[in-house]
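Working notes, beginning with the structure itself.
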Amino acid sequence: MSNESEKHEIAVAIIKPDAVREILDRQIEEDIESIGLQVVGWMFVNIPESLVPQIYPDKVGDPLFSSTTWAITSGPSILLLVEGDDSHQKLAVLKGKMNTCGIRHKYCVYPRKKLEEMEYEGKRLYDKLFENRIHTPDNQNESDKLLSLLLTPQQVEGLRVKHPDLHSRVKKYTAIVLVNQFLSEPYPSK
Numbered sequence: 030m031s032n033e034s035e036k037h038e039i040a041v042a043i044i045k046p047d048a049v050r051e052i053l054d055r056q057i058e059e060d061i062e063s064i065g066l067q068v069v070g071w072m073f074v075n076i077p078e079s080l081v082p083q084i085y086p087d088k089v090g091d092p093l094f095s096s097t098t099w100a101i102t103s104g105p106s107i108l109l110l111v112e113g114d115d116s117h118q119k120l121a122v123l124k125g126k127m128n129t130c131g132i133r134h135k136y137c138v139y140p141r142k143k144l145e146e147m148e149y150e151g152k153r154l155y156d157k158l159f160e161n162r163i164h165t166p167d168n169q170n171e172s173d174k175l176l177s178l179l180l181t182p183q184q185v186e187g188l189r190v191k192h193p194d195l196h197s198r199v200k201k202y203t204a205i206v207l208v209n210q211f212l213s214e215p216y217p218s219k
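Quick look at the structure:
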């Protein structure tokens with residue numbers, strides 16, 4: 030039998046710029062709450078291109094990485110803190126896929142075939158296809174790391190009172206990020 034506290038998680042969801050532009054954020058929040066999860070915090074964020082490789086490390090080197098980058102940096106996003114039992118798993122199912130189910134399908138403007146009929150091709154086609162409404166990390170470690178990248182030190186400290194466990198995990202990742210940045214800086218020559 031598993032411990033209840035092990036299942037209770039605070040996950041991150043990013044409502045991407047395309048959904049923000051089309052004012053779908055409230056509907057997406059309602060979809061999240063309809064599966065028994067609670068949005069316990071939110072803020073607007075502008076994700077710089079320099080963070081995209083850390084958000085999508087598995088996409089680096091992919092020929093379509095520029096479309097991935099464009100889709101999450103093309104405007105403001107909304108960062109959500111989502112709390113509940115098995116929240117990462119539930120969000121993954123809710124996120125779905127553009128051609129079959131979930132938020133990505135529900136709010137898909139045009140499927141690929143329709144875009145091709147509309148003469149979208151090449152990078153323009155892939156940029157449009159990567160406008161897929163939402164990003165959700167796969168697990169608690171990825172959520173914590175994402176928060177460490179997107180929150181200021183003051184915002185991380187703000188988690189201390191309401192979410193002390195999350196605060197300590199994110200603070201740990203923030204320290205790792207800072208050390209990695211320090212180690213990647215070239216040593217100044219004399």
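Here the sequence shown is numbered in the numbering used here, starting from 30 and rising by one per residue. Note that beta-carbon positions come from the ideal geometry of N, C-alpha and C, so glycine has one too.
Could you spell out the range, first to last residue, of the beta strand (DSSP E) harbouring residue i?
i    : result
N37  : The residue you asked about is not Asn; residue 37 is His in the sequence shown. Counting along the chain, the beta strand (DSSP E) containing H37 begins and ends at 37-44.
F220 : As displayed, the chain neither begins before 30 nor continues past 219, which places residue 220 out of reach and without an answer.
S106 : 106-114
Within a Cβ cutoff of 6 Å, which residues of the same chain sit near residue i, ignoring the five residues on either side of it in sequence?
i   : result
P46 : S103, G104, S106
Could you tell me how far apart the beta carbons of residue i and residue j are, in whole angstroms, since I believe they sit closer than 8 Å?
i    : j    : result
T220 : E78  : Summary: the structure shown does not reach residue 220, with the chain confined to residues 30 through 219, and so no result is reported for it.
R141 : L120 : With 8 Å as the limit, R141 and L120 do not qualify as a contact, their Cβ atoms being about 24 Å apart.
Y136 : M147 : So it is not a contact: roughly 18 Å between Cβ atoms.
Please tell me whether residue i and residue j are closer than 8 Å, where the distance is taken between their beta carbons.
i    : j    : result
L109 : V68  : yes
D115 : K191 : no
L66  : G113 : yes
I64  : L154 : no
Q183 : E38  : no
I27  : I52  : Any property of residue 27 remains undetermined from this structure, which presents the chain solely from 30 to 219.
H117 : D167 : yes
Hey, could you find the ends of the alpha helix (DSSP H) residue i is sitting in?
i   : result
G28 : Beyond the ends of the chain as shown, which are 30 and 219, falls residue 28; an answer cannot be given.
S96 : 94-102
Below 7 Å CB to CB, which residues in the same chain sit around residue i once its five sequence neighbours on both sides are set aside?
i   : result
F73 : P105, I107
D54 : I44, A48, I107
Using C-beta distances below 8 Å, list every residue in its chain close to residue i, excluding the 5 sequence neighbours before and after it, in chain order.
i    : result
D91  : T97
V89  : P82
R189 : H196
L144 : L154, K157, L158
V111 : I39, A40, V41, A42, I61, L66, Q67, V68, V69, L120
L80  : L178, L179
I84  : I76, I101, H164, L175, L178
- Counting Cβ pairs closer than 8 Å, one from the stretch 33-50 and one from the stretch 160-167, do we hit at least three? yes
- the stretch 56-65 contacting the stretch 120-139, beta-carbon criterion three pairs below 8 Å: yes
- Query: Is it true that the stretch 171-181 meets the stretch 195-202, where meeting means three or more beta-carbon pairs spaced less than 8 Å apart?
  - Reply: yes
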